[in-house]
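Visitor: Sharing a structure here in structure tokens format.
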């Protein structure tokens, strides 16, 4: 039986994981390679590496880190951050990424998704969308959530999938950081609209939030989170145990 | 030495890394003489069947693989590489495969309920159907990672394991020395590495 996926997201700047990390027993808690290995051993189903480096030097360090991780961690790796061209796809795929997540790059260059899907296959192209309610309408935000593009989110997501995006990461800015649960209203709308896998992001604060997500919206395929995993507030092993108890199919 | 056949389809970095992780000597190569010299061959692949099949036969690699398989050399196809081992694919047309395992590649959509998503993507459990040396270190019910929209049909005789996705989809196949995994062992954590290790130990065909 196909299982629901649990995906930790690692923000990497200049070769280090940013956002506080307080794992005990790790030699180097801000090393992306160490953390990736740790999560893989704890039962993470997939990992997302998000490159938040601004400089080209930092980008080189990022690809080195990615290469090292991919040679030691044998679960699917998705890379996002700074993906604006098919050359960016090529750069990270060569380092061992399996999927590439596009956000602002697809807003700036609407043909990026179809070009990349043609070259690398739909399964390789992930559209990641930052969504916020503005006057009651879901809008797409760009540049790490700083800029309202004015684009209506649901039709944008549908358009991206029609162009070849094989997966959608929906990050709700309204619930992100609040730790009060995922944005079920938004996620349900997206799931009713597209037929590709949907990954929920933004709002997880406790194990019950994941249970509610998968129970309320059976079509959601995965839950993604960062700080709750990094801070050890949720242990992936405990999370999966509770999901199994709630009869949610999970890999253990 | 294991030869990972490089015919311009897909990224072979993870595959090579996973053999390093289990201490097996593997080389990524498009050199037919090197592939002929290798003890074992991995046939990888992602993308469309028609395009890959064309590349395989045009490069001469297709015929080389058929010859090596006849000699009894262990060969493992992975994902699209597994599909290429079969007689024929109906992926957006009709294309010839290597014919090393009898059966056809057909759309998943033909057999699964309409409400299930395509591709079949994510971690699914293996259900053993038959004994095989590649299952030596793993258990019935272990999870592996799938990404595919087409599946091997009409091949019950060769099916070693299936995965349930609204229908039992062919997951692992074997015809004597020729093996295939629809899933990605190089992305299936410890279970995947165990399958690759078992393959490197197969012998006596």
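Residue numbers (the working numbering), protein chains in the order written: chain B, 55 to 306; chain Y, 45 to 249.
We treat Cβ as the ideally placed atom computed from N, Cα and C, and that holds for glycine.
1. How many angstroms separate the CA atom of residue 197(B) from the CA atom of residue 183(B)?
2. With DSSP run on the structure shown, which of helix, strand or coil describes residue 50(Y)?
3. Thinking C-beta only, is residue 150(Y) closer than 8 Å to residue 190(Y)?
4. What does residue 233(Y) touch in chain B if you count any residue whose Cβ is under 8 Å from its own?
5. Go ahead and label residue 76(B) buried or exposed: buried means 16 or more other beta carbons lie within 10 angstroms of its beta carbon, across all protein chains shown.
6. Assign residue 188(Y) to one of three DSSP states: helix, strand, or coil.
7. If contact is defined by three or more beta carbon pairs under 8 Å, each pair taking one atom from either stretch, is the stretch 79 to 93 of chain Y in contact with the stretch 276 to 286 of chain B?
8. So if I threshold CB-CB distances at 7 Å, which residues from the stretch 165 to 183 of chain Y count as touching chain B?
9. Using 8 Å as the limit for Cβ to Cβ distance, is residue 112(Y) near chain B?
10. Determine, using beta carbons only, whether residue 72(Y) comes closer than 8 Å to chain B.
11. Report the option in 216(B), 228(B), 249(B) whose CA atom is closest to the CA atom of residue 40(B).
12. Using the Cβ count rule (16 or more neighbours within 10 Å means buried), how would you classify residue 135(B)?
13. By the criterion of Cβ-Cβ separation under 9 Å, what are the contact partners of residue 55(B) in chain Y?
14. Helix, strand or coil for residue 184(B), going by three-state DSSP, please let me know.
15. Below 8 Å on the Cβ atoms is my contact criterion, and I expect residue 145(Y) with residue 124(Y) to pass it. Report the Cβ-Cβ distance as a whole number of Å.
16. Is the closest heavy atom of the ligand ZN to the C-beta of residue 198(Y) under 7 Å?
17. Roughly how many whole angstroms lie between the Cα atoms of residue 123(B) and residue 146(B)?
18. Excluding the five sequence neighbours on either side, which residues of its own chain have a C-beta within less than 7 Å of the C-beta of residue 231(Y), listed in chain order?
19. What number of angstroms, rounded off, separates the C-alpha of residue 132(Y) from the C-alpha of residue 94(Y)?
20. What residues in the stretch 84 to 101 of chain Y have a beta carbon less than 7 Å from any beta carbon of chain B?
21. Roughly how many whole angstroms lie between the Cα atoms of residue 199(Y) and residue 68(B)?
22. List, from N- to C-terminal side, the beta strand (DSSP E) runs of 3 residues or more that fit wholly inside the stretch 127 to 185 of chain Y.
23. Between residue 59(B) and residue 236(Y), which are expected to be in contact by the criterion C-beta below 8 Å, what is the C-beta distance as a whole number of angstroms?
24. Nearest chain B C-beta to residue 189(Y) closer than 8 Å, yes or no?
25. Can you tell me whether residue 157(B) is buried or exposed? The criterion is at least 16 other CB atoms within 10 Å of its CB, across all chains shown.
26. Might you give, ordered along the chain, the residues of its own chain that have their beta carbon closer than 7 Å to the beta carbon of residue 86(B), omitting 5 neighbours on each side?
27. Any beta carbon of chain B sitting closer than 8 Å to that of residue 157(Y)?
28. Would you decide whether residue 345(B) is buried or exposed? Buried here means 16 or more other CB atoms lie within 10 Å of its CB.
29. Is any beta-carbon of chain B found at less than 8 Å from that of residue 77(Y)?
30. At what residues does the alpha helix (DSSP H) containing residue 236(Y) begin and finish?
31. According to the neighbour-count rule (16 or more other Cβ atoms, all chains shown, within 10 Å of its Cβ), is residue 154(B) buried or exposed?
32. Could you check how far apart the C-beta atoms of residue 61(B) and residue 98(B) are, in whole angstroms? I think they sit under 8 Å.
33. Which residues, taken in chain order from the stretch 245 to 257 of chain B, show a beta carbon closer than 7 Å to some beta carbon of chain Y?
34. DSSP three-state call for residue 121(Y): helix, strand or coil?
35. Determine the closest residue to residue 264(B) out of 249(B), 297(B), 168(B), 289(B), with distance taken between C-alpha atoms.
36. State the Cα-Cα distance for the pair residue 61(Y) and residue 125(B), rounded to the nearest angstrom.
Guide: Taking the definition as stated:
1. Taking the first chain and counting its residues from 1, the one referred to as residue 197(B) is at position 143. Taking the first chain and counting its residues from 1, the one referred to as residue 183(B) is at position 129. Cα to Cα, the separation comes out at about 11 Å.
2. Mapped onto the second chain, residue 50(Y) falls at position 6. In this structure, residue 50(Y) counts as coil in the three-state DSSP scheme.
3. Here residue 190(Y) corresponds to residue number 146 of the second chain, with the count starting at 1. Here residue 150(Y) corresponds to residue number 106 of the second chain, with the count starting at 1. No, Cβ-Cβ distance for residue 190(Y) and residue 150(Y) is not below 8 Å.
4. Along the second chain, one-based indexing puts residue 233(Y) at 189. Within chain B, the residues near residue 233(Y) are 94, 128, 129.
5. Locating residue 76(B) in the first chain gives position 22, counting from the first residue. Model confidence at residue 76(B) stands at a pLDDT of 49, short of 50, so the residue's coordinates are unreliable; what they give is reported in the following sentence. Classification for residue 76(B): exposed.
6. Within the second chain, numbered from 1, the residue matching residue 188(Y) stands at position 144. Of the three classes helix, strand and coil, the one that applies to residue 188(Y) here is strand, per DSSP.
7. no
8. 165, 166, 167, 168, 169
9. In the second chain, residue 112(Y) corresponds to position 68, counting from 1. No, its Cβ sits nowhere closer than 8 Å to a Cβ of chain B.
10. Here residue 72(Y) corresponds to residue number 28 of the second chain, with the count starting at 1. No, no contact with chain B.
11. Nothing can be reported for residue 40(B), as the shown portion of chain B is limited to 55 through 306.
12. Looking up residue 135(B) in the first chain gives position 81. The residue in question, residue 135(B), is buried, as its Cβ has 16 or more Cβ neighbours within 10 Å.
13. Taking the first chain and counting its residues from 1, the one referred to as residue 55(B) is at position 1. Going along chain Y in sequence order, the residues near residue 55(B) (Cβ under 9 Å) are 168, 169, 207, 208, 209.
14. Reading the first chain from its first residue, position 130 is the one you call residue 184(B). Three-state result, residue 184(B): strand.
15. Along the second chain, read from residue 1 onward, the residue named residue 145(Y) stands at position 101. Along the second chain, read from residue 1 onward, the residue named residue 124(Y) stands at position 80. Between residue 124(Y) and residue 145(Y) the Cβ distance is about 14 Å, and since that is not below 8 Å, they are no contact.
16. Inclusion of the ligand ZN in the displayed structure is not the case, the ligand content being empty and no account of it being possible.
17. Walking along the first chain from the start, residue 123(B) turns up at place 69. Walking along the first chain from the start, residue 146(B) turns up at place 92. Cα to Cα, residue 123(B) sits roughly 12 Å from residue 146(B).
18. Within the second chain, residue 231(Y) is the residue found at index 187, counting from 1. Answer for residue 231(Y): 58, 189, listed in chain order.
19. Position 88 of the second chain holds residue 132(Y). Position 50 of the second chain holds residue 94(Y). Their Cα atoms are separated by approximately 10 Å.
20. 90, 91
21. Position 155 of the second chain, counted from the first residue, corresponds to residue 199(Y). Position 14 of the first chain, counted from the first residue, corresponds to residue 68(B). Each residue's alpha carbon lies about 50 Å from the other.
22. 130 to 133, 145 to 151, 164 to 169
23. By 1-based counting over the first chain, the position of residue 59(B) is 5. By 1-based counting over the second chain, the position of residue 236(Y) is 192. 16 Å between Cβ atoms; not a contact.
24. Taking the second chain and counting its residues from 1, the one referred to as residue 189(Y) is at position 145. So yes, residue 189(Y) belongs to the interface.
25. Translated into the one-based positions of the first chain, residue 157(B) becomes position 103. When all chains shown are included, residue 157(B) counts as buried.
26. The residue labelled residue 86(B) in the question sits at position 32 within the first chain. Only 64, 66, 71, 103, 119, 123 meet the Cβ criterion.
27. As a first step, residue 157(Y) must be located in the second chain, where it is residue number 113. Not an interface residue.
28. The requested residue 345(B) does not occur in the structure, where chain B is confined to residues 55 to 306.
29. Position 33 of the second chain, counted from the first residue, corresponds to residue 77(Y). Not one chain B Cβ lies under 8 Å of residue 77(Y).
30. As a working mapping, residue 236(Y) is identified with position 192 in the second chain. From DSSP, the alpha helix (DSSP H) with residue 236(Y) extends over 233 to 244.
31. Working through the first chain from its first residue, we reach residue 154(B) at position 100. By the neighbour-count rule (16 or more Cβ atoms within 10 Å), residue 154(B) is buried.
32. Walking along the first chain from the start, residue 61(B) turns up at place 7. Walking along the first chain from the start, residue 98(B) turns up at place 44. With 8 Å as the limit, residue 61(B) and residue 98(B) qualify as a contact, their Cβ atoms being about 7 Å apart.
33. 249, 250, 251
34. The residue you call residue 121(Y) lines up with position 77 of the second chain. Residue 121(Y): strand per DSSP, three-state reduction.
35. What you label residue 264(B) is simply residue 210 of the first chain in a count that begins at 1. Taking only the C-alpha atoms, the option nearest residue 264(B) is 297(B).
36. Here residue 61(Y) is taken as the residue at index 17 of the second chain, counted from 1. Here residue 125(B) is taken as the residue at index 71 of the first chain, counted from 1. Rounded to the nearest angstrom, the two C-alpha atoms are 5 Å apart.
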